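Numbering (our numbering), first residue to last: 1 to 179.
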């Protein structure tokens, strides 16, 4: 059965995008990461938030455009309240989280569903359907932007560390979300 994995590169101060969703900060911190490279083949589908789907790709217009610097190709399920009138090849749109999760798991074929987008990841966590979190921490402070996880008023979410590893441009920390 497919697991939901929130994998993301974040700054050392906990931001996954800069102000306004800017992703240009990420480019100097991309590079060889054996864990991320291996993960690409273990992903069967993407579950993507609307802002991430419509957002800023620092590699737009290059051969590295898309998820995992263009290395991943496959089905994408976009969770949105704004389903477009015109179909997008390879993309399915869902108007609510249960339908989006069900469609992504079906499309993943037993592989990981990779969650992209802080808000959709938060929704998955709150619904109890997020299984794992992989943070690739880049050596940079952004100071502002989109946080890895935000819950107004605060909350404690316990995570069990599965592994910690190093790559030339990041520290990889993989967690399991306890049931």
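Idealized CB from N, CA, C, for every residue including glycine. Note that the coordinates shown come from a computational prediction; the quantities given were computed from them, not determined experimentally.
Coarse secondary structure for residue i, derived from DSSP in three states
| i | result |
| --- | --- |
| residue 141 | coil |
| residue 73 | coil |
| residue 92 | strand |
| residue 47 | strand |
| residue 129 | coil |
| residue 78 | strand |
| residue 105 | helix |
| residue 152 | coil |
| residue 22 | coil |
| residue 27 | helix |
| residue 120 | helix |
For residue i: DSSP bridge partner residues
| i | result |
| --- | --- |
| residue 135 | 8 and 173 |
| residue 15 | 147 |
| residue 97 | DSSP lists no partner for residue 97. |
Nearest-angstrom beta carbon gap, residue j and residue i [assumed within contact, 8 Å]
| i | j | result |
| --- | --- | --- |
| residue 167 | residue 19 | Rounded, the Cβ-Cβ distance is 26 Å, inconsistent with contact. |
| residue 114 | residue 136 | Their Cβ separation, rounded to whole angstroms, is 13 Å, which puts residue 114 and residue 136 out of contact at 8 Å. |
| residue 17 | residue 145 | 5 Å |
heavy atom of the ligand MG below 8 Å from residue i C-beta
| i | result |
| --- | --- |
| residue 52 | What this structure holds is no ligand at all, so the ligand MG is not there to describe. |
Boundaries of the alpha helix (DSSP H) in which residue i is found, first to last residue
| i | result |
| --- | --- |
| residue 53 | 50-53 |
| residue 161 | Where residue 161 is concerned, there is no enclosing alpha helix (DSSP H), although the beta strand (DSSP E) it sits in stretches over 160-167. |
| residue 38 | 34-40 |
First and last residue of the uninterrupted beta strand (DSSP E) at residue i
| i | result |
| --- | --- |
| residue 115 | 112-116 |
Do the region 39-52 and the region 72-87 touch if we need at least three Cβ pairs shorter than 8 Å? Enough Cβ pairs lie closer than 8 Å, so yes.
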